[in-house]
Amino acid sequence: MPFIVFFAILTSPDKVNNKSQLLFFIPVLLVYGIGMFLEVMEVDAAQYAYLSMEMLNTGNYLEIYDHGFNYLDKPPLLFWLSAFSFKTFGISNFSYRLPSVLFSLLGLFSTYKLGKALVNERVGFYAALMLSSCQACFMMNHDVRTDTILTACTIFSIWQLYLFTENNRLLHLFLGAMGIAGAMLTKGPIGIMVPALAIGFHLVVKRRWGTILNWRWLFVPFIVLILISPMLIGLYRQYDLHPGKLIQGVPIQSGLRFFFWTQSFGRITGESVWKDNTTSLFFTHTFLWAFLPWCVIFLIGLSRDTFQLIRAKFKLLNHGEALAWGGFVFPFIVFSTSHYKLPHYIFIICPLAAIIAGKFLHNLFQEEMTTKLFSILKWSQLVIALLIYTLIFTLCIFSFPMRPVLFWSLLFLGMGISIFFARNGKSPFQKIILPSFIAIVVLNFILNSHFYPALFSYAASNRAGEIMHASEKEVKNLVEYNELTYGLDFYSRTSVKSYYDLSDLISKSQSTTLWIFTNQKGYEEIKESNLMILDEKKFEHFHISKLSVRFLNPKTRHEKVDFKYLVHVHLKNYFSLHN
Numbered sequence: 013m014p015f016i017v018f019f020a021i022l023t024s025p026d027k028v029n030n031k032s033q034l035l036f037f038i039p040v041l042l043v044y045g046i047g048m049f050l051e052v053m054e055v056d057a058a059q060y061a062y063l064s065m066e067m068l069n070t071g072n073y074l075e076i077y078d079h080g081f082n083y084l085d086k087p088p089l090l091f092w093l094s095a096f097s098f099k100t101f102g103i104s105n106f107s108y109r110l111p112s113v114l115f116s117l118l119g120l121f122s123t124y125k126l127g128k129a130l131v132n133e134r135v136g137f138y139a140a141l142m143l144s145s146c147q148a149c150f151m152m153n154h155d156v157r158t159d160t161i162l163t164a165c166t167i168f169s170i171w172q173l174y175l176f177t178e179n180n181r182l183l184h185l186f187l188g189a190m191g192i193a194g195a196m197l198t199k200g201p202i203g204i205m206v207p208a209l210a211i212g213f214h215l216v217v218k219r220r221w222g223t224i225l226n227w228r229w230l231f232v233p234f235i236v237l238i239l240i241s242p243m244l245i246g247l248y249r250q251y252d253l254h255p256g257k258l259i260q261g262v263p264i265q266s267g268l269r270f271f272f273w274t275q276s277f278g279r280i281t282g283e284s285v286w287k288d289n290t291t292s293l294f295f296t297h298t299f300l301w302a303f304l305p306w307c308v309i310f311l312i313g314l315s316r317d318t319f320q321l322i323r324a325k326f327k328l329l330n331h332g333e334a335l336a337w338g339g340f341v342f343p344f345i346v347f348s349t350s351h352y353k354l355p356h357y358i359f360i361i362c363p364l365a366a367i368i369a370g371k372f373l374h375n376l377f378q379e380e381m382t383t384k385l386f387s388i389l390k391w392s393q394l395v396i397a398l399l400i401y402t403l404i405f406t407l408c409i410f411s412f413p414m415r416p417v418l419f420w421s422l423l424f425l426g427m428g429i430s431i432f433f434a435r436n437g438k439s440p441f442q443k444i445i446l447p448s449f450i451a452i453v454v455l456n457f458i459l460n461s462h463f464y465p466a467l468f469s470y471a472a473s474n475r476a477g478e479i480m481h482a483s484e485k486e487v488k489n490l491v492e493y494n495e496l497t498y499g500l501d502f503y504s505r506t507s508v509k510s511y512y513d514l515s516d517l518i519s520k521s522q523s524t525t526l527w528i529f530t531n532q533k534g535y536e537e538i539k540e541s542n543l544m545i546l547d548e549k550k551f552e553h554f555h556i557s558k559l560s561v562r563f564l565n566p567k568t569r570h571e572k573v574d575f576k577y578l579v580h581v582h583l584k585n586y587f588s589l590h591n
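Printed below as a string of structure tokens:
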């Protein structure tokens with residue numbers, strides 16, 4: 013983190029030196045690196061880590077099962093890559109995240125190259141810097157789900173397909189198709205929807221009918237189908253050859269139809285079983301915090317591009333307004349019509365938002381620094397930075413007190429530098445970018461090194477799994493009762509059977525002793541039974557992916573925290589009394 017001061021001093025008064033551009037990514041990568049060692053979070057990340065581990069253990073890479081039950085929710089690329097990483101580096105938090113973080117770097121590089129190709133190198137740099145330091149990107153690289161790989165593959169494919177439209181080289185078409193295939197292997201047809209909307213709208217606005225009708229586009233579906241064929245074979249074998257299997261209580265007649273339609277478009281048409289009560293404005297406020305601290309810059313840039321498109325009657329624009337605008341706006345509308353929404357669904361279009369914001373900043377920095385808009389942005393970014401520091405102080409003083417002097421020194425140093433450059437910066441970059449860039453990096457450094465480790469003390473399934481993993485002889489006798497957690501599986505390094513009937517659990521036991529992970533209700537049932545309790549461990553528990561103000565407040569935290577138990581029982585008395 014001392015690099016932050018070095019970057020600030022290194023920054024040229026009138027522009028960012030091209031040789032120093034990469035240095036600005038060092039503190040960001042440092043934060044990513046710290047996040048790679050955090051524990052995995054329930055439910056999604058822990059489940060995906062467990063599925064990857066099971067895939068490695070069983071050697072079955074085409075058909076996916078979850079505790080012996082058919083799994084159909086996500087395509088397998090994340091599981092394939094994480095399983096390979098487990099095999100190479102061993103099963104750990106780091107090795108689970110490694111493939112996704114590497115893909116994240118690919119996404120940043122692709123964003124830089126696309127911004128450079130659309131406008132110039134400076135726009136590419138601004139876009140990559142803002143993407144790397146937006147809150148969504150920090151989150152994707154520690155709470156690893158499918159979105160990191162999806163986002164990287166999508167922007168990579170858009171970059172390569174754009175190059176194909178410019179030079180008609182088959183290599184770019186092939187690489188673009190590879191990116192689409194990677195995105196589809198990660199999250200389904202959404203992987204082709206975003207590139208198609210971005211490139212298609214760009215070509216329509218440019219009136220490039222000859223490029224649209226280029227017969228070489230026919231190679232794309234052919235290449236994609238070849239690359240995703242292992243997954244399609246697995247779906248066909250697992251579901252189409254055995255129609256009627258139940259997924260979420262719904263019989264599946266075709267795994268192929270589920271992949272190509274129900275998984276993505278079914279959430280728009282209402283066919284999917286996944287539904288919630290969110291409104292069509294859900295992603296509007298979600299994106300604002302996901303793209304912090306650059307959301308104000310983006311909104312102004314998007315408004316300007318929209319005005320340019322309307323004024324030009326949606327034709328013959330320069331500087332990539334159409335590609336980035338179409339690639340962001342049309343998917344955003346589609347996502348907003350879905351019957352089921354989660355915040356991370358919108359992360360896929362963050363690279364295009366970064367290009368829109370980067371192009372706007374480049375144009376603004378060409379103008380006089382005394383313009384009213386420049387002054388508004390300077391102060392708005394400082395306000396955002398100060399709000400970020402306020403959040404840090406709240407978390408580190410009030411919610412989870414922070415003691416290391418080094419961390420406090422970093423916090424005060426970062427805040428001082430942010431205020432200094434906002435007031436005394438000698439270049440537009442120093443005045444607008446540096447204050448909030450430093451603030452968001454300091455925030456996520458402290459989140460990854462202090463706040464999240466404190467939160468994970470409330471991840472009861474992880475704690476219980478670690479205890480059982482340390483006891484190699486006993487872990488085979490581990491079961492869950494009234495619970496279904498994936499942290500227990502991943503950290504115990506075994507597939508834990510789950511039961512919801514105590515007599516059923518005991519009758520199927522092949523050992524005279526069991527370790528039972530359960531909740532308060534299950535613990536009370538065990539105590540009321542005739543099971544002999546040999547040992548018990550009590551854990552405070554909170555679903556840490558669903559933070560609330562009452563949990564963050566130490567005075568009301570006890571209202572939100574419940575308890576989980578790891579109980580070691582002997583079955584001998586139970587059998588003798590029930591025979």
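Add 12 to a position in the sequence shown, counting from 1, and you land on the number used in our numbering. Heads up, the beta-carbon is just placed ideally off N, CA and C, and yes, glycines get one too. Nothing here was measured: the structure is a model prediction, and the numbers come from that model.
Between residue 458 and residue 404, the C-beta gap is smaller than 7 Å, which places the two residues in contact. For residue 247, the CB contacts under 7 Å within the same chain, skipping 5 residues up- and downstream, are 267, 268, 271 in chain order.
Inside the segment 480–539, DSSP marks whole beta strand (DSSP E) runs of 3 or more residues at positions 490–493, 509–511, 525–531, from first to last along the chain. DSSP, reduced to helix, strand and coil, places residue 218 outside both helices and strands of the structure shown, so it counts as coil. Comparing alpha carbon positions, the residue from 562, 141, 219, 440 closest to residue 388 is 440.
In this structure, the CA atom of residue 362 is about 32 Å from the CA atom of residue 469. Of the candidates 454, 72, 89, 179, 89 places its Cα closest to the Cα of residue 240. Taking a 10 Å sphere around the C-beta of residue 544, we find fewer than 16 other C-beta atoms and assign the residue as exposed. Secondary structure at residue 317: helix, using DSSP grouped into helix, strand and coil. With contacts defined by Cβ atoms closer than 7 Å, residue 159 and residue 374 do not form a contacting pair. C-alpha of residue 252 to C-alpha of residue 123: approximately 39 Å in a straight line.
Taking one beta carbon from each stretch, the segment 144–157 and the segment 302–318 have 3 or more pairs nearer than 8 Å; the two touch. Measuring C-alpha to C-alpha distances from residue 446 to each of 454, 434, 455, 559 identifies 434 as the nearest. Here residue 579 is actually not in contact with residue 524; their C-beta atoms are around 15 Å apart, not less than 8 Å. Residue nearest to residue 153 within the set 496, 113, 233, 221 is 113 (criterion: CA-CA distance).
DSSP, read as helix, strand or coil, puts residue 544 in strand.
Assignment of residue 579 by DSSP, reduced to helix, strand and coil, places it in the strand class. The criterion of a C-beta distance shorter than 7 Å is satisfied by residue 127 and residue 367. If you check the CB distance, residue 192 and residue 203 come in under 7 Å. Around the C-beta of residue 410, fewer than 16 other C-beta atoms lie within 10 Å, and the residue is accordingly described as exposed.
Taking C-beta atoms as the reference points, residue 59 and residue 511 fail to come closer than 7 Å. For residue 559, the secondary structure class from DSSP, reduced to helix, strand or coil, is coil. Sequence-distant partners of residue 47 (beyond 5 residues in either direction) whose C-beta falls short of 6 Å from its own C-beta, in its chain, are 153, 154, 460. Using a C-beta cut-off of 8 Å, the segment 464–479 makes no contact with the segment 420–437, since fewer than three inter-stretch Cβ pairs fall below that distance.
CA-CA distance, residue 455 to residue 560, rounds to 19 Å. For residue 423, no beta strand (DSSP E) run applies; the uninterrupted alpha helix (DSSP H) run containing it begins and ends at 417–436, by DSSP. Residue environment: residue 134 is assigned as buried (16 or more neighbouring CB atoms within 10 Å of its CB, all protein chains considered). Take the alpha-carbon of residue 451 and the one of residue 219: they are about 43 Å apart. Under DSSP, no beta-bridge partner is assigned to residue 444.
Close CB contacts of residue 504 within its chain, under the 7 Å cut and outside five residues either way in sequence, are with 477, 480, 481, 487, 490 (chain order).
At a Cβ-Cβ threshold of 7 Å, residue 170 and residue 201 do not count as neighbours.
Selection 534, 386, 223, 516 evaluated against residue 444 yields 386 as nearest (Cα-Cα). Taking a contact as a CB-CB distance under 8 Å, the pair residue 249 and residue 75 counts as one, their CB atoms being some 6 Å apart.
Distance check between residue 71 and each of 91, 86, 33, 84 places 91 closest, using alpha-carbon atoms only. Per DSSP, the continuous alpha helix (DSSP H) segment holding residue 239 begins and ends at 231–247. Taking the Cα of residue 345 as reference, the smallest distance to any Cα among 294, 370, 334 is reached at 294.
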